[in-house]
Amino acid sequence: MKILVSLFFFIFLNFLIFQNYAVAHQVNYGENGLPYQKIPLDQYLSKKTRHIQIYNRYLRSLEFYKAVPLLDLLKDVMGFYGQENFDVSFVTKTGYAPFIPGKSFKERKAYLAYDRADGQKFVTIGKVSKTIKDLGPLFLIWDNSSKKINRWEHKFSWVYQITGLSLNYDFGNIDPGSGVDPKIQKGFQHYKNHCMGCHAVGTIGGKLAKNLFINRDLKKWSRERLFRMLDKPAKFKIKNMPAFAWGDPNREKKKLELLSYLKYLAKTEVKATKKNRRKSSDIKQLLDQFK
Numbered sequence: 029m030k031i032l033v034s035l036f037f038f039i040f041l042n043f044l045i046f047q048n049y050a051v052a053h054q055v056n057y058g059e060n061g062l063p064y065q066k067i068p069l070d071q072y073l074s075k076k077t078r079h080i081q082i083y084n085r086y087l088r089s090l091e092f093y094k095a096v097p098l099l100d101l102l103k104d105v106m107g108f109y110g111q112e113n114f115d116v117s118f119v120t121k122t123g124y125a126p127f128i129p130g131k132s133f134k135e136r137k138a139y140l141a142y143d144r145a146d147g148q149k150f151v152t153i154g155k156v157s158k159t160i161k162d163l164g165p166l167f168l169i170w171d172n173s174s175k176k177i178n179r180w181e182h183k184f185s186w187v188y189q190i191t192g193l194s195l196n197y198d199f200g201n202i203d204p205g206s207g208v209d210p211k212i213q214k215g216f217q218h219y220k221n222h223c224m225g226c227h228a229v230g231t232i233g234g235k236l237a238k239n240l241f242i243n244r245d246l247k248k249w250s251r252e253r254l255f256r257m258l259d260k261p262a263k264f265k266i267k268n269m270p271a272f273a274w275g276d277p278n279r280e281k282k283k284l285e286l287l288s289y290l291k292y293l294a295k296t297e298v299k300a301t302k303k304n305r306r307k308s309s310d311i312k313q314l315l316d317q318f319k
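See the structure below:
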């Protein structure tokens, strides 16, 4: 009887492990901040996985990961064929949604890792909390074997706990375009690089902090008050918000440009972006070739 119970438990345990594996490798995909669709990745990973070596500058060690090239994934599965103007925002377990300009992926090879290839656990140590954090489901890594990464280059962010990504090539009217003061245009770029990860505008951006479109403070606060808030958020009882571009030699200039954009945004009625370019049926057809 004990043997039968042990055998049943063994079979049940393996069933659970198999089930977890079957659903573990997937990504949520959307465009321009619009609704996401779940895309299974197991078949794709089985054919396209590479073992990538990177240097962890924080832990000062070499690490090996099982990963796939990000641009290949966008092309093969999402049907993206490299428009000149595009950006990618990543969705994470915490609600943080960092934004990375498309040109960054052309300057340096990026990969989505889903496991370690050296037998180590798929975890890291948080820079601030000093605690162990899971890297999964997906971890964005970069080829840093030959180029030094500047700490202020946010375009080379190493993002972990990724659950989805959004391909952005149409920001609607939150993008001020070319017919406005250049300070507003530059401020929009600063918003994408420094603020979008936590603060959404409309449907695009993170969910860790207030949506700037519905944030009344933008309208009622003076320019001077906003400037001081960006400098020292804690003094305004804003928890967990870092000072804007701290340590950047061009920080003061960037703050003024960001303020120009925020004041522009306060007067703008945010309109919906275009619909998703890819349909579920299109993506399914692309995935079928990897079965």
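In the numbering used here, the protein residues as written are 29 to 319.
All C-beta atoms in this analysis are idealised placements derived from N, C-alpha and C, irrespective of residue type, glycine included.
These numbers come from a predicted model, not from an experiment.
Asked: Could you pull the start and end residues of the beta strand (DSSP E) that serine 89 belongs to?; Found: 89 to 97
Asked: Using three-state DSSP, classify glycine 215 as helix, strand or coil.; Found: helix
Asked: Residue range of the beta strand (DSSP E) that tyrosine 292 falls in?; Found: Tyrosine 292 -> not in any beta strand (DSSP E); alpha helix (DSSP H) instead, spanning 279 to 294.
Asked: Please name the residue in Cys223, Lys131, Phe118 and Pro204 whose C-alpha comes closest to that of lysine 295.; Found: Pro204
Asked: Just to confirm before moving on: does the CB-CB distance between leucine 195 and leucine 166 stay below 8 Å?; Found: no
Asked: Indicate, with yes or no, if the ligand FMN has a heavy atom lying under 7 Å from the CB of valine 119.; Found: This structure lacks the ligand FMN; in fact it carries no ligand of any kind.
Asked: Per DSSP, what kind of secondary structure is proline 236 in: helix, strand or coil?; Found: It should be pointed out that residue 236 corresponds to leucine in this sequence rather than to proline. Note: leucine 236 maps to coil in three-state DSSP.
Asked: Is the beta carbon of isoleucine 169 less than 8 Å from the beta carbon of alanine 262?; Found: no
Asked: Just verifying my parser: in three-state terms, what is the DSSP assignment at lysine 265?; Found: coil
Asked: In chain order, what residues of the same chain lie with their CB nearer than 7 Å to the CB of proline 97, ignoring the 5 residues before and after it?; Found: Lys137 and Tyr139
Asked: Could you tell me whether the Cβ atoms of phenylalanine 114 and alanine 125 are closer together than 8 Å?; Found: no
Asked: Classify phenylalanine 127 as helix, strand or coil using the three-state DSSP reduction.; Found: strand
Asked: Is leucine 69 helix, strand or coil by DSSP?; Found: coil
Asked: Comparing C-alpha positions only, which one of Trp274, Arg251 and Trp249 sits nearest to lysine 260?; Found: Trp274
Asked: Look at the Cβ atom of threonine 120, then the Cβ atom of isoleucine 212, and state whether they are nearer than 8 Å.; Found: no
Asked: Between the C-alpha atoms of tyrosine 49 and aspartate 70, what's the straight-line distance to the nearest angstrom?; Found: Below a pLDDT of 50, predicted positions are generally treated as unreliable, and tyrosine 49, at 39, falls in that range; no measurement from the model is reported.
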